[in-house]
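Okay, so here's the structure we're looking at.
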Amino acid sequence: MMDGFSKNIRKFSRKFFFLVVIFAIFCGISGAGVKYMFSDTAIRTGDYLFIKVISLQNKNGNIDSNFDYAGFWRSSANIDKFISSVSKEDFDFTKIDSAWNRKSRSQQIDWIRNYIMVSSFRGNVYEIGFKFDGNITPDTVYMNSHLGILCDQLVKQSEKALKEAMTEVSFQTISTSDIYPSVVPVDRRKAAIKYGILGFVVGIIAAEIMVALTVLRRKNSA
Numbered sequence: 076m077m078d079g080f081s082k083n084i085r086k087f088s089r090k091f092f093f094l095v096v097i098f099a100i101f102c103g104i105s106g107a108g109v110k111y112m113f114s115d116t117a118i119r120t121g122d123y124l125f126i127k128v129i130s131l132q133n134k135n136g137n138i139d140s141n142f143d144y145a146g147f148w149r150s151s152a153n154i155d156k157f158i159s160s161v162s163k164e165d166f167d168f169t170k171i172d173s174a175w176n177r178k179s180r181s182q183q184i185d186w187i188r189n190y191i192m193v194s195s196f197r198g199n200v201y202e203i204g205f206k207f208d209g210n211i212t213p214d215t216v217y218m219n220s221h222l223g224i225l226c227d228q229l230v231k232q233s234e235k236a237l238k239e240a241m242t243e244v245s246f247q248t249i250s251t252s253d254i255y256p257s258v259v260p261v262d263r264r265k266a267a268i269k270y271g272i273l274g275f276v277v278g279i280i281a282a283e284i285m286v287a288l289t290v291l292r293r294k295n296s297a
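Per this note's numbering, the very first residue in the sequence shown carries number 76; after that it's consecutive.
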């Protein structure tokens, strides 16, 4: 009984051999195309880190050590003014968050606050800047050329906001650090070929299963 069923499958497969092959080729091309279009062009490890180390200067005397400078710079009011001060030419936030323009202002403030780094070294020395995951965007060229501008704007706004509260205080930049993720290019063509072969094999198997089901259905209806 099984021999007869197997014979019918082989017979049906031979009869529609070209359709099976065309279906498998279609699956292979689809798999290769999807992989090529949607696979990343590089593997990125590490983070984007752009930081300025600053010293607070007071022309009238000592710095008030009781004031929460880090909290002040990370405050919603300061971040709101910072976002307003950044033009699209300076930095396009949609490069790192595709939903940026759909966020409310409070959501934008909370989102960007997660990436702002402010640390105190005691006394009057602080570091302020940004830390982004290396995979936050595939556009490494844009990040490399614009992240420094974003950090500069944050420092400028933070100094401006502090001077509004303490007119005698100013910033002096001690050092700047910029660290970028390491980038290893990916050969998308090789990956596409692998997925194309896999898609072809899966297409053959799927086509044979469809043939078997068709033969079985015909046998049951006979």
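Just so it is clear, CB atoms sit at the ideal spot from N, CA and C, and this is done for glycine as well.
- Relative to the Cα of L124, the nearest Cα in the group T215, N137 and S140 belongs to T215.
- Restricting attention to V128, F98 and A174, the CA atom closest to the CA of S252 is found in V128.
- In the structure shown, T251 falls within a strand segment according to DSSP collapsed to helix, strand and coil.
- Per the C-alpha coordinates, the member of A145, S105, N210 and Y201 positioned closest to P256 is N210.
- At the C-beta level, Q228 and N153 stay beyond 8 Å of one another.
- Burial check for L94: the Cβ neighbour count within 10 Å stays below 16, so the residue is exposed.
- Collapsing the DSSP output to three states places G204 in a strand.
- Approximately 19 Å separates the beta-carbon atoms of D155 and I224; this is outside 8 Å, ruling out the contact.
- When C-alpha distances from D167 are compared across S195, L222, G204 and I118, the shortest belongs to L222.
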